[in-house]
Amino acid sequence: MQLYGTKSSPFVRKVRVIVEELGLGKQVAFIHAHPFTSNQLLEVNPLGKIPALKISDGAVLINSPLICEYLISLVPESTLLPKVSKDRFGVLTLQAMSDGLLDIAVALTLEKRRPAILISEDHVQRHTRNILNTIQWLEQLPQSSCLCPAPEEEINLGSLSLACALLYLDFRHQEIQWRKSAPGLKRWLQEISNRKSIKETAYSD
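Note that numbering that gives the first Met the number 0 has the sequence shown beginning at 0, numbered continuously upward.
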């Protein structure tokens, strides 16, 4: 299998983390492909978006949740995506919330890269506010909730997605200082960041 993307993309990192957690590292080759410049990417994904995963029969999967679910299906004994519906939808909802957080964070990154005269302070403030609102919502989740990042320290697709999202905020938006309002998430991220899959997929430009 071939995974197309960049090491700075949080959605690609999520897939790379799942690959490591599943022990599929030797079966997935990483191919650097920037969405704005790679003709090779366009050959496999006409949308020009990353990540894209070319599987053994030549088919191409796009969109990180779909790719992650496919990879998990290759390892039937994996517990990264529970089969019991309440737990399963809790994990999928946490993944969706984490991906939504990333959508906003990436939009903020792109806004800040515009020429200074074109940057909309309204957009910057709105994105920042929505990021902090989401952080506060996550911080206040009860430990008993199936949406909790890591109920009883379980590792799953949702909690790993959240780790990638929070670490992306550290990578691109340190000025937001999200930890100030989320000591619980801060402690949790410290713990999960010790995992081999997180250490080996660090963001880089």
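We put the beta carbon where it would ideally sit given N, CA and C, even for glycine.
In this text, all values refer to a predicted model and were calculated from it rather than measured experimentally.
Are the region 188 to 200 and the region 10 to 20 touching, with three or more C-beta to C-beta distances below 8 Å?
Counting Cβ pairs under 8 Å, three or more are found: they touch.
Can you tell me whether DSSP reads Q94 as helix, strand or coil?
As a position in the sequence shown, residue 94 is number 95, starting the count at 1. Three-state result, Q94: helix.
Pairing CB atoms from the region 146 to 161 with CB atoms from the region 79 to 98, are three or more of them under 8 Å?
The region 146 to 161 is in contact with the region 79 to 98.
What are the boundary residues of the alpha helix (DSSP H) that includes L60?
Numbered from 1 along the sequence shown, position 61 holds the residue referred to as residue 60. Looking at the DSSP string, L60 is not in any alpha helix (DSSP H); the run it does join, the beta strand (DSSP E), is 59 to 61.
Counting pairs of beta carbons, one from the region 95 to 110 and one from the region 165 to 173, are three or more of them closer than 8 Å?
Yes: at least three Cβ pairs fall under 8 Å.
Considering only their Cβ atoms, is the gap separating L60 from I66 smaller than 9 Å?
Taking the sequence shown and counting its residues from 1, one reaches residue 66 at position 67. Taking the sequence shown and counting its residues from 1, one reaches residue 60 at position 61. Yes, they are a contact pair.
Which runs of the alpha helix (DSSP H) fall wholly inside the region 7 to 77 and span at least 4 residues, in chain order?
Runs found: 9 to 21, 38 to 43, 63 to 72.
Which whole-angstrom value describes the C-beta separation of G183 and L146, a residue pair presumed to lie in contact below a C-beta threshold of 8 Å?
Stepping through the sequence shown from its first residue, residue 183 is reached at position 184. Stepping through the sequence shown from its first residue, residue 146 is reached at position 147. 14 Å between Cβ atoms; not a contact.
Looking only at C-alpha atoms, which of V11, F35, P150 sits nearest to V27?
Position 28 of the sequence shown holds residue 27. Of the candidates V11, F35, P150, the one whose C-alpha sits nearest the C-alpha of V27 is V11.
Taking all protein chains shown into account, decide if W177 is buried (16 or more other Cβ within 10 angstroms of its Cβ) or exposed.
As a first step, residue 177 is located in the sequence shown; it is residue number 178 there, counting from the start. Buried, by the Cβ-count rule.
Could you tell me the distance, in whole angstroms, from the CA atom of A32 to the CA atom of Y202?
Locating residue 32 in the sequence shown gives position 33, where the first residue counts as 1. Locating residue 202 in the sequence shown gives position 203, where the first residue counts as 1. About 15 Å.
Quick one: residues in its chain with C-beta nearer than 8 Å to the C-beta of W46, no 5 flanking neighbours on either side, listed in chain order?
As a position in the sequence shown, residue 46 is number 47, starting the count at 1. In the sequence as displayed, the identity of residue 46 is Leu instead of Trp. So the qualifying residues of the chain are I61.
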